[in-house]
Amino acid sequence: MSQPNPTNEVATAAAAPSMEPRILVSRRAVLRNGGLLVGGVGAAAFLAGCAQAGAPAWAYPPAPASPAAAPPTPGSSASPGQGTPNPTAAATSPSPSAMAGAMPSPSGAIGGHDPSPPDFAVPPPYRPALSTPVEFNLTSNDGPSQTILIARSPDKAYRSMNFGGQVPAPTLRITEGDTVHFTLTNQGSMPHSIDFHAAQIAWSRAYQEVAPGAAASFDWTARYPGVFMYHCGAAPVLMHMADGMYGMVIVDPKGGRPPAREYVIVQSEFYGAGGEYAKMLNDPPDFVVFNGQSFRYKTTPLLAKAGELVRLFIVNAGPNSSSAFHVIGGLFSHYESDGYPPNAQGMHQTIQVPPGDGALAELTFAEPGTYPFVTHKFSDASKGATGLFKVS
Ligand SMILES: [Cu+2]
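Residue 5 is where the sequence shown starts when you use my numbering, and the numbers rise one by one after that.
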């Protein structure tokens with residue numbers, strides 16, 4: 005077995021040694037033991053389960069490539085969660101991303117499915133800590149079938165790498181003290197891995213590359229509440245992150261937080277058409293986005309009501325740009341760097357989130373109207389990291 009390569013950030017995928025961690029198990033065994041993916045990938049949708057009995061088990065397969073599947077229209081009234089705080093439906097129904105297939109663009113010229121489901125911004129609800137492990141299962145995916153639509157008018161297709169068939173990857177919400185039993189099933193054509201910033205675990209044991217067709221499992225315990233990034237760390241890690249392999253873990257403090265309308269915002273960048281490592285290394289991004297698509301919430305604003313508390317969980321996946329998150333016409337009344345309650349501070353006008361970090365910010369809109377949100381690094385805001393709150 006090769007020694008783990010601590011400098012894999014700069015290694016090339018071709019040059020990286022094949023590392024097979026001892027935690028590797030066969031994919032067949034995972035499927036059998038986990039009871040997942042029975043009947044094919046399409047049957048293993050989002051097994052959510054903040055349900056009443058037992059620990060939740062979340063499995064995220066890739067989006068099926070069948071163009072026959074009618075995807076939900078982004079921002080349509082059918083969107084189950086947008087504008088609704090903590091909808092139970094979001095945790096008990098199949099994820100729209102799991103149902104959405106390849107989505108023809110409006111012009112028909114460029115294919116690619118929407119990168120993340122229409123209700124992505126609404127996180128799963130809080131629940132108390134559990135005495136049994138939380139099952140969290142992700143697939144890793146790459147290749148031509150993983151083409152996503154990262155911009156509209158004009159359409160821009162991007163050949164992604166992803167977890168669970170979507171970009172950003174699904175949000176895992178757990179509670180301080182929970183243990184997560186995680187399984188990564190690599191359905192891609194190259195090695196992938198996982199890195200949970202919320203975990204304290206040996207990189208050399210848990211975060212090693214998983215070969216195509218293989219699976220790996222490990223447990224970790226959430227000892228700190230916070231808002232955390234997770235991502236693929238396979239070499240070259242810059243490419244795996246820039247191509248879409250990142251998501252958010254929310255670890256709630258025991259007892260939860262005051263009621264609020266909650267949204268998830270993941271900022272990230274896209275370079276070229278996917279897989280263009282030199283551009284990622286040397287060039288400014290072509291698109292900077294919130295939740296996977298340029299100007300996504302300009303056409304389908306996030307909803308709120310004047311006077312109610314709005315809580316934002318923010319992760320900047322980068323991989324290269326810092327975020328200066330700002331709401332035009334609003335001030336944050338409460339801010340926690342890393343989403344860690346002891347880091348709480350009062351009024352902030354702009355939230356600084358470096359690549360790889362998270363934050364929690366709360367605000368209350370003073371009156372009905374439209375309030376843009378941006379990264380105040382305006383070269384990035386102009387490339388897509390601009391959205392709207394529509395306040396009634
Ligand atoms: Cu990867």
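Positions of the beta carbon are idealized from the N, C-alpha and C atoms, including for glycine. Small disclaimer: the values here were computed from a predicted structure and weren't measured.
### Spatial distance of tyrosine 339 from glycine 217 (CA atoms)
Here residue 339 corresponds to residue number 335 of the sequence shown, with the count starting at 1. Here residue 217 corresponds to residue number 213 of the sequence shown, with the count starting at 1. One C-alpha to the other measures close to 42 Å.
### Task
Return the chain-ordered list of same chain residues with a C-beta closer than 8 Å to the C-beta of isoleucine 205, the five sequence neighbours on each side being excluded.
Start at 1 with the first residue of the sequence shown, and residue 205 comes out as number 201. The answer, listed in chain order, is Tyr211, Phe222 and Trp224.
### Query
Would DSSP call lysine 160 helix, strand or coil?
Here residue 160 refers to the residue found at position 156 of the sequence shown. Strand at lysine 160.
### Message
Quick check: does the Cβ of methionine 165 come within less than 7 Å of any heavy atom belonging to ligand 1?
### Response
As a working note, residue 165 is residue 161 in the sequence shown. Yes, since a heavy atom of ligand 1 falls inside the 7 Å radius drawn around the Cβ of methionine 165.
### Query
Buried or exposed: which applies to threonine 143, given that a residue is buried once 16 or more other Cβ atoms fall within 10 Å of its Cβ?
In the sequence shown, residue 143 corresponds to position 139, counting from 1. With 16 or more other Cβ atoms within 10 Å, it is buried.
### Query
Out of curiosity, what's the CA-to-CA distance linking glycine 248 and phenylalanine 200?
As a first step, residue 248 must be located in the sequence shown, where it is residue number 244. As a first step, residue 200 must be located in the sequence shown, where it is residue number 196. Between glycine 248 and phenylalanine 200, the C-alpha separation is close to 15 Å.
### Query
In terms of alpha-carbon separation, which member of Pro121, Gly230 and Leu335 lies closest to glutamate 371?
Residue 371 sits at position 367 when you count from the first residue of the sequence shown. The candidate whose alpha carbon is nearest that of glutamate 371 is Leu335.
### Task
Could you name the residues that DSSP lists as bridge partners for aspartate 223?
For this step, residue 223 is matched to residue 219 along the sequence shown. According to DSSP, which records beta bridges pairwise, aspartate 223 is partnered with His185.
### C-alpha gap between proline 158 and histidine 330, whole angstroms
In the sequence shown, residue 158 corresponds to position 154, counting from 1. In the sequence shown, residue 330 corresponds to position 326, counting from 1. In a straight line, the C-alpha of proline 158 is about 26 Å away from that of histidine 330.
### Message
In chain order, what are the residue ranges of uninterrupted alpha helix (DSSP H) at least 4 long that sit wholly in the segment 187-212?
### Response
207-210
### Task
Count the other CB atoms, across all protein chains shown, that sit within 10 Å of the CB of arginine 300; report buried if there are 16 or more and exposed otherwise.
As a first step, residue 300 is located in the sequence shown; it is residue number 296 there, counting from the start. Arginine 300 should be labelled buried.
### Query
Where does proline 2 fall in DSSP's three states?
Outside the modelled stretch of the chain, which goes from 5 to 396, sits residue 2, for which no answer is possible.
### Task
Give a single yes or no on whether histidine 244 has its beta carbon closer than 7 Å to a heavy atom of ligand 1.
Position 240 of the sequence shown, counted from the first residue, corresponds to residue 244. Checking the Cβ of histidine 244 against ligand 1 gives yes.
### Query
Mind checking whether the beta-carbon of methionine 284 lies closer than 7 Å to any heavy atom of ligand 1?
The residue given as residue 284 occupies position 280 in the sequence shown. Incorrect: methionine 284 has no Cβ contact closer than 7 Å to ligand 1.
### Task
Please report how far the alpha carbon of glycine 115 lies from the alpha carbon of phenylalanine 393, in whole angstroms.
As a first step, residue 115 must be located in the sequence shown, where it is residue number 111. As a first step, residue 393 must be located in the sequence shown, where it is residue number 389. Near 29 Å, if we compare the C-alpha coordinates of phenylalanine 393 and glycine 115.
### Message
Using only the alpha-carbon positions, how far apart do asparagine 347 and threonine 151 sit?
### Response
Your numbering for residue 347 matches position 343 in the sequence shown. Your numbering for residue 151 matches position 147 in the sequence shown. Taking the straight line joining both Cα atoms gives about 39 Å.
### Message
By alpha-carbon positions, which one of Met252, Gly237 and Phe369 ends up nearest to alanine 264?
### Response
Mapped onto the sequence shown, residue 264 falls at position 260. Answer by Cα proximity: Phe369.
### Query
Along the chain, where does the beta strand (DSSP E) that runs through tyrosine 234 open and close?
The sequence position of residue 234 within the sequence shown is 230, counting from 1. Run containing tyrosine 234: 230-235, per the beta strand (DSSP E) assignment.
### Query
Contact between the segment 268-278 and the segment 116-133: three or more CB pairs below 8 Å?
yes
### Query
Sorry if obvious, but does the Cβ on histidine 196 come closer than 7 Å to a heavy atom of ligand 1?
For the purposes of this step, residue 196 is taken as the residue at position 192 of the sequence shown. Within the cutoff, so yes.
### Message
If contacts are defined as beta-carbon pairs under 8 Å, then aspartate 146 and serine 193 qualify, I think. What distance do you get, rounded to the angstrom?
### Response
Residue numbering aside, residue 146 sits at position 142 when the sequence shown is read from its first letter. Residue numbering aside, residue 193 sits at position 189 when the sequence shown is read from its first letter. With a Cβ gap of about 6 Å, aspartate 146 and serine 193 count as contacting.
### Query
Ordered along the chain, which non-local residues of its own chain (more than five positions away) have a Cβ less than 7 Å from that of tyrosine 344?
Residue mapping note: residue 344 aligns to position 340 of the sequence shown, counting from 1. Same-chain partners within the cutoff: Tyr228, Pro229 and Gly230.
### Query
Helix, strand or coil: which one does DSSP assign to histidine 244?
Here residue 244 is taken as the residue at index 240 of the sequence shown, counted from 1. Three-state DSSP puts histidine 244 in a helix.
### Query
How would you call threonine 303, buried or exposed, if buried means at least 16 neighbouring beta carbons within 10 angstroms?
Against the sequence shown, residue 303 aligns to sequence position 299. When all chains shown are included, threonine 303 counts as exposed.
### Message
ligand 3 and alanine 238: does the residue's C-beta get closer than 7 Å to at least one heavy atom of that ligand?
### Response
With respect to ligand 3, the structure shown offers nothing to examine, as its ligands consist of ligand 1.
### Query
Around the C-beta of alanine 57, are 16 or more other C-beta atoms found within 10 angstroms, so that it is buried, or is it exposed?
Taking the first residue of the sequence shown as 1, we reach residue 57 at position 53. The predicted model places alanine 57 with a pLDDT of 34, which falls under 50 and marks its position as unreliable; any figure quoted below should be read in that light. Exposed, since its Cβ has fewer than 16 Cβ neighbours within 10 Å.
### Message
For alanine 173 and phenylalanine 232, what's the separation of their Cα atoms in angstroms?
### Response
Along the sequence shown, read from residue 1 onward, the residue named residue 173 stands at position 169. Along the sequence shown, read from residue 1 onward, the residue named residue 232 stands at position 228. Computed Cα separation, rounded: 13 Å.
### Message
When you measure from the CB of methionine 249 to every non-hydrogen atom of ligand 1, does any distance come out below 7 Å?
### Response
Taking the first residue of the sequence shown as position 1, residue 249 is located at position 245. Under cutoff, so the answer is yes.
### Message
For aspartate 256, report the span of its beta strand (DSSP E) as first-last.
### Response
On the sequence shown, position 252 is the one that residue 256 refers to. Segment 250-256, the beta strand (DSSP E) holding aspartate 256.
### Query
With C-beta atoms as the reference, is glycine 362 less than 8 Å away from isoleucine 318?
Your numbering for residue 362 matches position 358 in the sequence shown. Your numbering for residue 318 matches position 314 in the sequence shown. Contact flag set, yes.
### Query
Of the choices Phe377, Pro122 and Glu312, whose alpha-carbon is the least far from that of isoleucine 332?
As a working note, residue 332 is residue 328 in the sequence shown. Of Phe377, Pro122 and Glu312, the residue nearest in Cα terms is Phe377.
### Query
leucine 242 to proline 257, Cα distance in whole Å?
Taking the first residue of the sequence shown as 1, we reach residue 242 at position 238. Taking the first residue of the sequence shown as 1, we reach residue 257 at position 253. Going from the Cα of leucine 242 to the Cα of proline 257 covers about 31 Å.
### Message
Going by DSSP in three states, lysine 381 sits in which element: helix, strand or coil?
### Response
On the sequence shown, position 377 is the one that residue 381 refers to. Of the three classes helix, strand and coil, the one that applies to lysine 381 here is coil, per DSSP.
### Query
Relative to ligand 1, is the shortest distance from any of its heavy atoms to the C-beta of serine 149 smaller than 7 Å?
Locating residue 149 in the sequence shown gives position 145, where the first residue counts as 1. Because no heavy atom of ligand 1 lies under 7 Å away, the Cβ of serine 149 does not count as near it: no.
### Message
Classify alanine 239: buried if its beta carbon has 16 or more other beta carbons within 10 angstroms, exposed otherwise.
### Response
Taking the sequence shown and counting its residues from 1, the one referred to as residue 239 is at position 235. Buried: at least 16 other Cβ atoms inside 10 Å.
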